[in-house]
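Q: Taken in order, these protein sequences are the chains called A and B.
The first sequence begins at 1 in our numbering and counts up one residue at a time.
The second sequence begins at 1001 in our numbering and counts up one residue at a time.
We treat Cβ as the ideally placed atom computed from N, Cα and C, and that holds for glycine.
My questions will all concern the structure given below.
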Amino acid sequence: MLQIENLQASVADKPILKGLSLTIGAGEVHAIMGPNGAGKSTLGYTLGGRPGYEVTGGSVMFAGQDLFALEPWERAAAGLFLGFQYPVEIPGVSFVQFLREAANAQRKARGEEPLSGGEFLKLAREKAALLRMDMDMLKRPVNVGFSGGEKKRAEMVQMGILDPKLAILDETDSGLDIDALRIVGDGINATMRRPDKAVLLITHYQRLLDYVQPDFVHVLAGGRIVRTGGPELALELEEHGYEAVAA
Amino acid sequence: MVDVATLPTRHAEDFRYADLTALASLWPVKAETIVVPAGERRALTLIHTGEAPLVRDLAVALGEGAHFALHVLNAGAASGRIAVRATLQAGAHFHLGAVQLAGGDATAEIVTHVTHAAPDAISRQVVRSVAGGRGTANYLGKVLVQPGADGTDGEQSVRAMLLDRTATANARPELEIYADDVKCAHGCAVGELDAGGLFYMAQRGLPPELAKRLMLQAFIAEALAGAEDEAALQDQARAALEALL
């Protein structure tokens, strides 16, 4: 699904990723953990194609394509979803309008028929219910006036509607209370736990991993993966801290 | 702003950024007087979408407790200038909601002088401009609160979006206050579309043209909210925006 080879990336000419390699197969859930400033969010943004995140070396193959040959919206249409740590507010544009345009832009790029208004609303209603989000909230402008937890839940509703192959979820657990964490965890499992899909969770803490159990845990430090293990590695990190485990 | 026979020069504050060539063909411009008697309501929508330049000069007198709502779509292929002088008596309410779309080398401008002549009047001005190409969008707006006009509530919300580095927006909200106990706010911003928002939309699969269009539609829609025949006016504004993109 995703093969990252020796990836190097800079932000404002400052090298952040310094030779990161990682392979994610279909049906797998991976977690990347690491201290602040390790390059976790940079990895997500670089894969998503955010302007200002410059690839200076290495390669990434996604679903058989050279990821960096694709524009950000083409990456989305190819099935890459980036869950934002800080979802952006878009005043005046409702979630319903935004997501229908986005879903149909993706379908068009893949040569599929657009969803009708009715089909889209049915899908949106179903995915909102899964995340226990009131449909009325999706009639409001994108993320405007949403609490931190509501924004994260709305990200998961978007993921459900857009139905990606690979979800890279950047600190989706931050800002969530215990109940919301469970709902979001269930949402990730329901949408993404499939043999033909994969998830990369970027997180600081073990707690989300109680709900979405990873097959692999990686420690990112200094722009590289410094250790890889199974779910037990997350528990070890929680107990001993990054410094002891990454050293 | 004044219907004198001689074409003003750029030395006149209200004409500092005007397209004088376009004005010359229409000068002198006669002021149109609108009187809204005490306690009554009037609404007016001005639409400029044509190929020929347009200049309008309105003098609006609002009586006690009168209400006047003016909505403007200033989006012609040639320059358009709307000047409004409004005088508010006690408890009157003046509302201006305007969209200006300036492309090519057109100048779209709105010039307002709002005078709060008596207590407790309200004025609201919401102007949203988009300029592309070598287009220029101007807002020159002055709110004057005369002595004794206590309890005045005035607001100017002026925002402009530039689509190209060659486009220009001038915004000059002004307050002149001679009364105490007055609430006057002005907000003014000229900018480009939010890069963070554009990336967020791209990451969900929206190509840049589509993302920009959605953001700009929302940006201008705000100013036309509450207009008479709002749906038709919003449609017209969206069509004019389409021509600019």
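Please tell me whether residue 19/A has its Cβ less than 7 Å away from any Cβ of chain B.
A: No, residue 19/A does not count as interfacial toward chain B.
Q: Tell me, to the nearest whole angstrom, how far the beta carbon of residue 1123/B is from that of residue 1143/B; I am working on the premise that it is less than 8 Å.
A: 6 Å
Q: Buried or exposed for residue 276/A, please, with buried defined as at least 16 other CB atoms from any protein chain shown within 10 angstroms of its CB.
A: Any property of residue 276/A remains undetermined from this structure, which presents chain A solely from 1 to 247.
Q: Can you give me the C-alpha to C-alpha distance between residue 1017/B and residue 91/A, rounded to a whole angstrom?
A: Each residue's Cα considered, the two are about 30 Å apart.
Q: I'd like the ranges of any alpha helix (DSSP H) spanning at least 4 consecutive residues and lying wholly in the stretch 1195-1233 of chain B.
A: 1195-1203 and 1208-1224
Q: Closer than 7 Å by beta-carbon distance: list the chain B residues that pair up with residue 88/A, in chain order.
A: 1196, 1197 and 1200
Q: Alpha carbon to alpha carbon, what distance is there between residue 192/A and residue 96/A?
A: 22 Å
Q: Given that a residue counts as buried once 16 or more other Cβ atoms are within 10 Å of its Cβ, and exposed if not, what is residue 197/A?
A: That one is buried.
Q: Looking at the structure shown, is residue 1006/B part of a helix, part of a strand, or coil, going by DSSP?
A: coil
Q: Taking residue 45/A as part of the alpha helix (DSSP H), name the residues at either end of that continuous run.
A: 40-48
Q: At what residue ranges does the stretch 39-127 of chain A contain a whole run of the alpha helix (DSSP H), taking only runs of 4 or more?
A: DSSP runs (the alpha helix (DSSP H)) wholly in the stretch 39-127 of chain A: 40-48, 72-77 and 95-109.
Q: Tell me the DSSP secondary structure of residue 1001/B in three-state form.
A: Reliability fails at residue 1001/B, whose pLDDT of 47 lies under 50, so the model's placement of it is uncertain and no value is given.
Q: Can you tell which of 29/A, 11/A and 18/A has the C-alpha that lies nearest to the C-alpha of residue 210/A?
A: Comparing Cα-Cα distances from residue 210/A to each of 29/A, 11/A and 18/A, the minimum goes to 29/A.
Q: Tell me where the alpha helix (DSSP H) around residue 1044/B begins and ends.
A: It is not in any alpha helix (DSSP H) - residue 1044/B instead sits in the beta strand (DSSP E) that spans 1041-1048.
Q: Among the candidates 26/A, 56/A, 78/A and 100/A, whose CA atom is the shortest distance from the CA of residue 1211/B?
A: 100/A
Q: Excluding the 5 residues flanking residue 1042/B on each side, which residues of the same chain have their C-beta closer than 6 Å to its C-beta?
A: 1036 and 1068
Q: Checking 7 Å against the spacing of the C-beta atoms, do residue 1127/B and residue 1084/B come in under that value?
A: no
Q: With the cut-off set at 7 Å, would you say residue 234/A and residue 217/A are in Cβ contact?
A: yes
Q: Taking Cβ to Cβ, would you say residue 1149/B is nearer than 7 Å to residue 1116/B?
A: yes
Q: So, is the C-beta of residue 8/A closer than 7 Å to a C-beta in chain B?
A: no
Q: Tell me the rounded alpha-carbon separation between residue 1147/B and residue 36/A.
A: 58 Å
Q: Have a look at residue 1014/B and residue 44/A and give me their C-alpha separation to the nearest angstrom.
A: Looking at the backbone, the Cα of residue 1014/B and that of residue 44/A are separated by about 51 Å.
Q: Would the stretch 1205-1225 of chain B and the stretch 1087-1098 of chain B be scored as touching if the rule is three or more Cβ pairs under 8 Å?
A: yes
Q: So is residue 1003/B buried or exposed if we call it buried at 16+ other beta carbons inside 10 Å?
A: Bear in mind that the predicted position of residue 1003/B carries a pLDDT of just 48, short of 50, making it unreliable; the figure below should be weighed with that in mind. Counting other Cβ atoms within 10 Å of its Cβ, residue 1003/B stays below 16 and is therefore classed as exposed.
Q: Following the continuous beta strand (DSSP E) through residue 150/A, name the residue where it begins and the one where it ends.
A: Unbroken run through residue 150/A is the alpha helix (DSSP H), 148-162; no beta strand (DSSP E).
Q: In the DSSP assignment, what are the bridge partners of residue 172/A?
A: Looking at the DSSP assignment, residue 172/A forms no beta bridge with any residue, so it has no partner.
Q: Under 8 Å, CB to CB, which of the residues in the stretch 32-59 of chain A have a partner in chain B?
A: Listed in sequence order: 48, 49, 50 and 51.
Q: Mind listing the chain E neighbours of residue 1204/B? Cutoff is C-beta to C-beta under 7 Å, in chain order.
A: Protein chains A and B are contained in the structure displayed, whereas chain E is not.
Q: Under three-state DSSP, which class holds residue 234/A?
A: helix
Q: Spatial neighbours of residue 16/A within its chain, please: CB distance less than 8 Å, with the 5 preceding and 5 following residues excluded, ordered by chain position.
A: 9, 10, 39, 42 and 223
Q: At least one CB of chain B closer than 7 Å to the CB of residue 114/A: is that the case?
A: no
Q: Could you spell out where the alpha helix (DSSP H) holding residue 1021/B opens and where it closes?
A: 1020-1024
Q: Ignore the nearest five residues each way along the sequence and tell me which others in residue 120/A's own chain have a CB closer than 7 Å to its CB.
A: 100 and 103
Q: Identify the contact partners of residue 1215/B in chain A, using a Cβ-Cβ distance below 9 Å as the criterion.
A: 90, 91, 92 and 93
Q: Nearest CA to the CA of residue 131/A: which residue from 177/A, 85/A, 94/A and 185/A?
A: 185/A
Q: So, does the CB of residue 82/A fall closer than 7 Å to a CB anywhere in chain B?
A: yes
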